[in-house]
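Enquirer: Submitted below is the structure of interest, expressed as structure tokens.
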Amino acid sequence: MFDLVLKGLGETIYMTVVVTFFAYVVGLPLGLVLAVTAKDGLRPNQGVYLSISAVVNVLRSVPFLILIYTMLPVTRFVIGTAIGTKGVLLPLFVSAFPFVARLVESSAREVDRGVIEASRSMGASVWQVVVKVLVPEAMPSILSGATIAATTILGYSAMAGVAGGGGLGAIAINYGYSRYNYAVMLTMCAVIVVVVQLIETLGKASVRLSDRRLK
Amino acid sequence: MALIEIKNLCKTFGSGDGAVHALEDVSLDIEQGEIFGIIGLSGAGKSTLVRCINLLERPTSGTVTVDGADMCRLSERELRQQRREIGMIFQSFNLLMQRNALANVRFPLELSGVPRAEANKRAQELLELVGLGDRLRAYPAQLSGGQKQRVAIARALATNPKVLLCDEATSALDPTTTESILELLKNLNRSLGVTVVVITHEMRVVERICSRVAIIADSRIAEMGEVQEVFLHPQTEAAKKLVLPSRAGKLEGFVRDGESRAVDECRGSLIRLAFDGETTDRPIIADMILSLGAPVSIVYADTRSIEGRLYGHTVLQLPSEPETAEKMRRWLTNQGISFTEEE
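Chains F and V, in that order, give the protein sequences. Going by the working numbering, the first residue of the first sequence is number -6, and it counts up by one from there. Going by the working numbering, the first residue of the second sequence is number 1364, and it counts up by one from there.
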């Protein structure tokens, strides 16, 4: 049982970390582009905004389990397998990055318009405003969003256990639910709860440490 | 040539029936080294006007020239360069909340690619100049309103601009802090020679530091001139409202009141005396009463200090007997006191 927990835990953390990382690699710039091109943004551009928005909305609307099955051929082609821990990385990423983009967009839009106006008055280019104002000023909010994203991705990775994924969720279903071994199922649930709590605690601490408005 | 030239400036927001004309045919020149006030009530268009100077708002028509450069014709890159010649401070300070005071002042220098060490040195000098040499590492959240505005001023001056635009810079501050910030602006104007444009809705701010003033009302310039002149002889209704904010209501109440509280013989017409610095310290009204042997009623009085000279307004109600009232008018004219009849 202990080995089982350890294996599941390792896989779950692996999936969560890898997917959260890549979701931010794509979602952060995408969210910033959304914030900049929005109607009230620095460089309003309805074409760009609406196109990205459409992609984001479509991907976010597809239920995750259905997305896994829909993406089977693509996943097999890209990753080489569609089952196990590796097999769910791609669908997890595809459902996570649009969510991250929206989180980042809303964080960036929280930045005081006056501060942006002030930086423009000092001769900042759009790029400089994004890099030197939007991101640093929104950082506490972005980190708080990242905490939500990571716990959500962890939850989805567990859900992927139903469709042949790996990690704690898969163990709960394959060893627990399918074999009527409720002790295993509940143990895995407990471990997931603990991991989520840990992420929340870490996230809150990083927000607190990064935010200079609270001191 | 004036440092800032605004010609026939119009700014319209929206179009069609929903269009809002924020500025209509505004022209004014601001000279190198002066402190120029732009005053108006909320919604008069003064904030839009100041944003048209550094093109945070693009004028619908008309031209804005700053230091010889036609702002509307500059390319994106040239405009960013030109904006470094125009510092700006705001009512809400607009400091970067995640940067300390030093890093805030360093910010415009980073934007123009000044090396870090040099930028830090300059930022520190500027913070010392505005009296915050001991708060370099403080974050905005740890500073008071007045201190935040000082950081903002230091930041606005970091690139050695020719112009400093102040958009309601003291409106969020208490009277004592306002006084100290105005004093600082005046000193910086003297020591650095930076031209200051002050946007405000408060006449006392204009009186305190400006040499010239433009009054904006209903999207247009209602009146413009030397501060003393506008203060002593406001021509338009908009100017009168700003110069004598409490006058209108008081006088109306006074005249409408059938049972006037003035003694019977003082129910004549109202006149408004304007004292300039020369005559303020003479007991004019007492002299007049003593030499003519007839009483007057003082309805309203106010004095202000502009650039160290005392200016004042007094509204008198003259005796009801026309002959005595006429004598008083002649006496005042002979004494060199200017006055106008109040409706």
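A virtual CB, placed ideally from N, CA and C, is assigned to each residue, including glycine. Every value quoted in this text rests on a predicted model; they were computed, and no experiment measured them.
Examine chain C for any beta-carbon lying closer than 8 angstroms to the beta-carbon of Asn1457/V, and answer yes or no.
Expert: The structure shown has no chain C; the protein chains it does contain are F and V.
Enquirer: I want to know whether the segment 1448 to 1455 of chain V touches the segment 1485 to 1496 of chain V - three or more CB-CB distances under 8 angstroms.
Expert: Not touching, per the Cβ criterion.
Enquirer: Within 8 angstroms of any Cβ in chain F, is that where the Cβ of Leu1527/V sits?
Expert: No - not a single Cβ of chain F is within 8 angstroms of the one on Leu1527/V.
Enquirer: At the level of alpha carbons, what is the spacing between Leu161/F and Val187/F?
Expert: Straight-line Cα distance between these residues: approximately 12 angstroms.
Enquirer: According to DSSP, Arg1575/V sits in a beta bridge with which residue or residues?
Expert: Answer by DSSP bridge pairing, in chain order: Phe1399/V and Glu1589/V.
Enquirer: Give the straight-line distance between the Cα atoms of Gly1496/V and Val1559/V, rounded to the nearest whole angstrom.
Expert: Distance between the alpha carbons of Gly1496/V and Val1559/V: 23 angstroms.
Enquirer: Using alpha carbons as the reference points, say which of Gly1406/V, Ser1405/V, Asp1430/V and Ala1407/V lies closest to Asn1417/V.
Expert: Out of Gly1406/V, Ser1405/V, Asp1430/V and Ala1407/V, Asp1430/V has the C-alpha closest to the C-alpha of Asn1417/V.
Enquirer: Cα separation between Phe1648/V and Gly1656/V?
Expert: In the sequence as displayed, the identity of residue 1648/V is Ile instead of Phe. Taking the straight line from one Cα to the other gives about 12 angstroms.
Enquirer: When you compare only the Cα positions, how much space is there between Gly169/F and Leu2/F?
Expert: Cα to Cα, the separation comes out at about 15 angstroms.
Enquirer: Against chain F, does Leu1474/V count as a neighbour if the rule is that its beta carbon must be under 8 angstroms from one of theirs?
Expert: Output row for Leu1474/V: interface = yes.
Enquirer: Span of the alpha helix (DSSP H) holding Leu1545/V?
Expert: Its alpha helix (DSSP H) spans residues Pro1538 to Leu1555.
Enquirer: Can you find a CB in chain V that lies within less than 8 angstroms of the CB of Pro129/F?
Expert: Yes, Pro129/F counts as interfacial toward chain V.
Enquirer: Take Ser1534/V and list the residues in its own chain whose beta-carbon comes closer than 6 angstroms to its own, dropping the five residues that flank it on each side.
Expert: So the list reads Gln1454, once near-sequence residues are dropped.
Enquirer: Anything in chain V within Cβ reach of Glu110/F, meaning under 9 angstroms, just list it in chain order.
Expert: What Glu110/F touches in chain V: Arg1414, Leu1419, Met1451, Phe1453 and Asn1457.
Enquirer: Looking at the structure shown, is Asn1318/V part of a helix, part of a strand, or coil, going by DSSP?
Expert: This structure does not reach residue 1318/V, given that chain V is present from 1364 up to 1706, and the question cannot be answered.
Enquirer: Closer than 8 angstroms, Cβ to Cβ, to anything on chain V: give me those residues from the segment 95 to 124 of chain F, in chain order.
Expert: So the close ones are Asp105, Gly107, Val108, Glu110, Ala111, Ser112, Arg113, Ser114, Met115, Gly116, Ala117, Ser118 and Gln121.
Enquirer: Starting from the beta carbon of Arg172/F, find every residue of chain V whose beta carbon is closer than 7 angstroms, and list them in chain order.
Expert: The premise fails here: Arg172/F is roughly 52 angstroms from chain V at the closest Cβ pair, so nothing lies under 7 angstroms.
Enquirer: Between Arg1440/V, Arg1667/V, Leu1633/V and Trp1694/V, which has its C-alpha nearest Val1316/V's C-alpha?
Expert: No answer is possible for residue 1316/V: the residues shown for chain V start at 1364 and end at 1706.
Enquirer: Apart from the five residues on each side of it in sequence, which residues of its chain come closer than 7 angstroms, Cβ to Cβ, to Tyr175/F?
Expert: Answer for Tyr175/F: Gly169, listed in chain order.
Enquirer: Return helix, strand or coil for Phe92/F, following the three-state DSSP convention.
Expert: Helix.
Enquirer: What whole-angstrom Cβ distance do Val122/F and Ile109/F have, given they're in contact under 8 angstroms?
Expert: Yes, they are in contact, since the Cβ atoms of Val122/F and Ile109/F sit about 6 angstroms apart, within 8 angstroms.
Enquirer: Using C-beta distances below 7 angstroms, list every residue in its chain close to Ala1625/V, excluding the 5 sequence neighbours before and after it, in chain order.
Expert: Any reading at Ala1625/V needs caution, since the residue's pLDDT is 49, under 50, leaving its predicted position unreliable; the model's value is listed next. Excluding residues within five positions, the ones whose Cβ falls inside 7 angstroms are Ser1660 and Gln1680.
Enquirer: Identify whether Arg1583/V lies in helix, strand or coil by the three-state DSSP scheme.
Expert: Reduced to three states, the DSSP call for Arg1583/V is strand.
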